[in-house]
RNA sequence: UGCCCGGUGGUGUAACGGUAGCACAAGGGACUUUGAAUCCCUCAGUCCAGGUUCAAAUCCUGGCCGGGCAGCCA
């Protein structure tokens, strides 16, 4: 048999793997592969980070190496220890383990300073007392070369002395910086005497007030990689221009030389993935927090009901390359459906209920019917559900004047109640004032218990239901795309493209009693609707509140040409 | 009028000079007590122009288009 598809969950062949593969083949020094994930503790992780985490940890796993977690905490102005825990939690939740290899760039401040001293001693770095404005002026522009600073040729001993005084806190913030002496004429602006250290007197959450100067990203990052003996330093494309500087510093300090490799960051349709825009959503209260189920953050996805498995799978499917990309959000949805379909218990829940009275079913009678828990996994068994005279069905499973090919309930028509009976609609009762449907009356066919028609008549439609006695009323949140356009990044303001209907809450949904004791995070398929998870237990009612993770695929909605599938306005 | 990177179906990603494949999406069909799942089928692609070669998505040259870079952010 031909092996047509690749084994599940195998990472796509990508160019980084190819580089490593080639190194191992032609290999001279059989070094152990060491990668790292280097977040700055200044925000929450999102699915773009998950891609990076996945690349780094997956590679380590694949080549029997290791992946470090290193917090890039070089700027006390931006960073906050609260983020440390959330970042660790999210990585662990995704299923990755850095083991003993947890580091902080701040652990290396002393060594970094030694490196800076060495460069200064070698005449490769100098103290510049120009103002921030002057430095910018002299840097030149994209189309013009820079000009050397008047401080560039300061004697070495003076530089060393000033550097030490800078460290001691003898100078004001902004009064001077340490710069590498490279090339003010370079076409690459990063090489025009980049700043290595700046004075910051804000205390650092780890080193306190010990340091008055802090290394910039360019000076801290590569050297930290080197100290940790990283072999492959994988980052996103915007650092490509920094690679010549990364290499220059390491070569001029004469230390272990990791290889920086850049890949294209992830973009997903109908959402944003930049830290700035994500914060804006939170700060301007477009969402309820970083972990709002509409957010593409790891914590948001978790609250939404995504599983680590589905996210990892997604990361494997999107591949790794250098070209700009926007992955359709449908692929993410596919990944979570794939996982949940296999593993979730089926259950019946009515988002927007309408009452149905079975007029020929005795008033005080009820009976138990058998329902299968998961047709994908027989081991999951079955459960009993209760049928009685008064039940609820989904309001959009009834239409008084249905279009053709509508297989659900309508006047005079029959429909099957899943695992129940075949019923026929006999009457619709409306509110005289509002004309709203108050109640639907049906008759059931007693010979169709379990939903089987002994006379062999074909019943095309099957709908979900709960009996009023065997269900509880609770709140259900439905989510849609946060943005109404495919590429929100292309618009100036979030406001003009945010989807006003990204969240819809139903307060009177009815769920079968089977879920009374469901706990936060528990996941279910509500038959015919989608996958839902318990958001939390309501503090007043003590009942679970549900979030819709994703709808089931819905070919009826497509036929209808509806842009808002499932539960439309009543 | 600088430096760097990139352009393969609608989207994402393979093919390493030798049959352009996979996934998602879309369309159709089979099955169906979830309009789900599953299964089958279909649609659809190498930015352009030259060159090298028996043979080019792949190598070369020149265009065109897209992206990144002028923080004491990362």
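Numbering (my numbering), first residue to last: 1 to 570. Every residue gets a Cβ at the ideal spot worked out from N, C-alpha and C, and that includes glycine.
Fill in: Closest residue to residue 45 among 291, 550, 319 (Cα-Cα distance)
Here residue 45 refers to the residue found at position 45 when the first chain is read from its first residue. For residue 45, the nearest C-alpha among the options comes from 291.
Worksheet item: In chain order, what residues of the same chain lie with their CB nearer than 8 Å to the CB of residue 181, ignoring the 5 residues before and after it?
Response: Within the first chain, the letter at position 181 stands for residue 181. Correct list, in chain order: 123, 124, 125, 126, 152, 193.
Worksheet entry | Closest by C-alpha distance to residue 67, when choosing among 130, 220, 233 | Looking up residue 67 in the first chain gives position 67. Among 130, 220, 233, the Cα nearest to that of residue 67 is on 233.
Worksheet entry | Which of helix, strand or coil DSSP assigns to residue 349 | As a position in the first chain, residue 349 is number 349, starting the count at 1. Here residue 349 sits in strand by DSSP.
Worksheet item: Whose CA, out of 448, 468, 469, lies closest to the CA of residue 459?
Response: Counting from 1 along the first chain, the entry for residue 459 is found at position 459. Nearest C-alpha to residue 459: 448.
Discussion item. According to DSSP, simplified to helix, strand and coil, what is residue 344?
Written reply: Counting from one through the first chain, the residue named residue 344 turns up at place 344. Three-state result, residue 344: coil.
Item to complete: Go ahead and pull the three-state DSSP assignment for residue 447.
Response: Translated into positions along the first chain, residue 447 becomes position 447. Of the three classes helix, strand and coil, the one that applies to residue 447 here is helix, per DSSP.
Practice prompt. Report the rounded CA-to-CA distance for residue 108 versus residue 303, giving the unit in angstroms.
Written response: The residue you call residue 108 lines up with position 108 of the first chain. The residue you call residue 303 lines up with position 303 of the first chain. Those two C-alpha atoms are separated by around 36 Å.
Discussion item. In the DSSP assignment, the beta strand (DSSP E) including residue 125 goes from what residue to what residue?
Written reply: In the first chain, the residue the question calls residue 125 occupies position 125. Residue 125 -> beta strand (DSSP E) spans 125 to 128.
Practice prompt. Take residue 430 and list the residues in its own chain whose beta-carbon comes closer than 7 Å to its own, dropping the five residues that flank it on each side.
Written response: Start at 1 with the first residue of the first chain, and residue 430 comes out as number 430. 436, 437, 438, listed in sequence order.
Practice prompt. Report the rounded CA-to-CA distance for residue 409 versus residue 528, giving the unit in angstroms.
Written response: Taking the first residue of the first chain as position 1, residue 409 is located at position 409. Taking the first residue of the first chain as position 1, residue 528 is located at position 528. The alpha-carbon atoms of residue 409 and residue 528 are separated by roughly 15 Å.
Item to complete: Assign residue 277 to one of three DSSP states: helix, strand, or coil.
Response: Within the first chain, the letter at position 277 stands for residue 277. DSSP places residue 277 in helix when its eight states are reduced to three.
Discussion item. Is it buried or exposed, residue 15, if we count other Cβ atoms within 10 angstroms and call 16 or more buried?
Written reply: One-based indexing of the first chain puts residue 15 at position 15. Exposed.
Worksheet entry | residue 3 in three-state terms, based on DSSP | Within the first chain, numbered from 1, the residue matching residue 3 stands at position 3. Residue placement at residue 3 is flagged as unreliable, the pLDDT there being 33, under the threshold of 50; the coordinate-derived value follows with that caveat. If DSSP states are grouped into helix, strand and coil, residue 3 belongs with coil.
Worksheet item: Which residues does DSSP pair with residue 483 in a beta bridge?
Response: Residue numbering aside, residue 483 sits at position 483 when the first chain is read from its first letter. DSSP lists 498 as partners of residue 483.
Discussion item. For residue 507, which residues in the same chain have their Cβ closer than 6 Å to its Cβ, ignoring the five residues on either side in sequence?
Written reply: Mapped onto the first chain, residue 507 falls at position 507. So the list reads 475, once near-sequence residues are dropped.
Worksheet entry | residue 249 and residue 223 closer than 8 Å at C-beta | Here residue 249 refers to the residue found at position 249 of the first chain. Here residue 223 refers to the residue found at position 223 of the first chain. Against a cut-off of 8 Å, the Cβ pair of residue 223 and residue 249 comes out as a contact.
Practice prompt. Label residue 525 either buried or exposed according to how many other C-beta atoms from any shown protein chain fall within 10 Å of its C-beta, with 16 as the threshold for buried.
Written response: As a position in the first chain, residue 525 is number 525, starting the count at 1. Label assigned to residue 525: buried.
Discussion item. Across the region 237 to 245 and the region 269 to 287, are there enough close Cβ pairs to call them in contact, namely three or more that are closer than 8 Å?
Written reply: no
Worksheet entry | Extent of the continuous beta strand (DSSP E) run through residue 467 | Taking the first residue of the first chain as 1, we reach residue 467 at position 467. Element bounds for residue 467: 465 to 467.
Discussion item. Distance check for residue 238 and residue 348, CA to CA, integer angstroms please.
Written reply: Reading the first chain from its first residue, position 348 is the one you call residue 348. Reading the first chain from its first residue, position 238 is the one you call residue 238. One C-alpha to the other measures close to 48 Å.
Worksheet entry | Where residue 34 falls, given that 16 or more other Cβ within 10 Å makes a residue buried | Taking the first chain and counting its residues from 1, one reaches residue 34 at position 34. So residue 34 counts as buried.
Discussion item. Distance check for residue 489 and residue 563, CA to CA, integer angstroms please.
Written reply: Within the first chain, numbered from 1, the residue matching residue 563 stands at position 563. Within the first chain, numbered from 1, the residue matching residue 489 stands at position 489. In this predicted model, residue 563 has a pLDDT of only 42, less than 50, meaning its place in the structure is not dependable enough to derive any value.
Practice prompt. Tell me, please, whether the region 61 to 75 touches the region 325 to 345 by the rule of three or more beta-carbon pairs shorter than 8 Å.
Written response: no
Worksheet item: How about residue 212 and residue 169: are their beta carbons less than 8 Å apart?
Response: The residue you call residue 212 lines up with position 212 of the first chain. The residue you call residue 169 lines up with position 169 of the first chain. Against a cut-off of 8 Å, the Cβ pair of residue 169 and residue 212 comes out as a contact.
Worksheet item: In this structure, does DSSP put residue 222 in helix, strand or coil?
Response: Mapped onto the first chain, residue 222 falls at position 222. Of the three classes helix, strand and coil, the one that applies to residue 222 here is helix, per DSSP.
Item to complete: Kindly indicate the opening and closing residues of the alpha helix (DSSP H) around residue 300.
Response: One-based indexing of the first chain puts residue 300 at position 300. Start and end: 298 to 304.
Practice prompt. Please go through the same chain and pick out, in chain order, the residues whose beta-carbon is closer than 6 Å to the beta-carbon of residue 240, but skip the five residues on each side of it.
Written response: Counting from one through the first chain, the residue named residue 240 turns up at place 240. Counting only Cβ-Cβ distances below 6 Å, and skipping sequence neighbours, we find 262.
Worksheet item: What does a CB cutoff of less than 8 Å around residue 486 pick up in its chain, not counting 5 residues either side in sequence?
Response: Counting from 1 along the first chain, the entry for residue 486 is found at position 486. Cβ neighbours of residue 486 beyond the five flanking positions: 269, 270, 326.
Fill in: residue 527 - DSSP class collapsed to helix/strand/coil
Looking up residue 527 in the first chain gives position 527. The answer is coil: DSSP assigns residue 527 none of H, G, I, E or B.
Practice prompt. Starting from residue 503, follow the beta strand (DSSP E) in both directions and report where the run begins and ends.
Written response: Residue numbering aside, residue 503 sits at position 503 when the first chain is read from its first letter. Taken as a continuous stretch (DSSP letters only), the beta strand (DSSP E) holding residue 503 covers 503 to 512.
Item to complete: Can you grab the Cα-Cα spacing for the pair residue 134 / residue 145, in whole Å?
Response: As a first step, residue 134 must be located in the first chain, where it is residue number 134. As a first step, residue 145 must be located in the first chain, where it is residue number 145. When rounded, the distance between both Cα atoms is 15 Å.
Fill in: Boundaries of the alpha helix (DSSP H) in which residue 313 is found, first to last residue
Along the first chain, read from residue 1 onward, the residue named residue 313 stands at position 313. 308 to 318 is the extent of the alpha helix (DSSP H) around residue 313.
Fill in: Where residue 537 falls: helix, strand or coil (DSSP)
Translated into positions along the first chain, residue 537 becomes position 537. Residue state, collapsed to three classes: strand.
Practice prompt. Have a look at residue 514 and residue 531 and give me their C-alpha separation to the nearest angstrom.
Written response: For the purposes of this step, residue 514 is identified with residue 514 of the first chain, where counting begins at 1. For the purposes of this step, residue 531 is identified with residue 531 of the first chain, where counting begins at 1. Their Cα atoms are separated by approximately 16 Å.
Worksheet item: Can you give the Cα-Cα distance for residue 51 and residue 370, rounded to whole angstroms?
Response: In the first chain, the residue the question calls residue 51 occupies position 51. In the first chain, the residue the question calls residue 370 occupies position 370. The alpha-carbon atoms of residue 51 and residue 370 are separated by roughly 43 Å.
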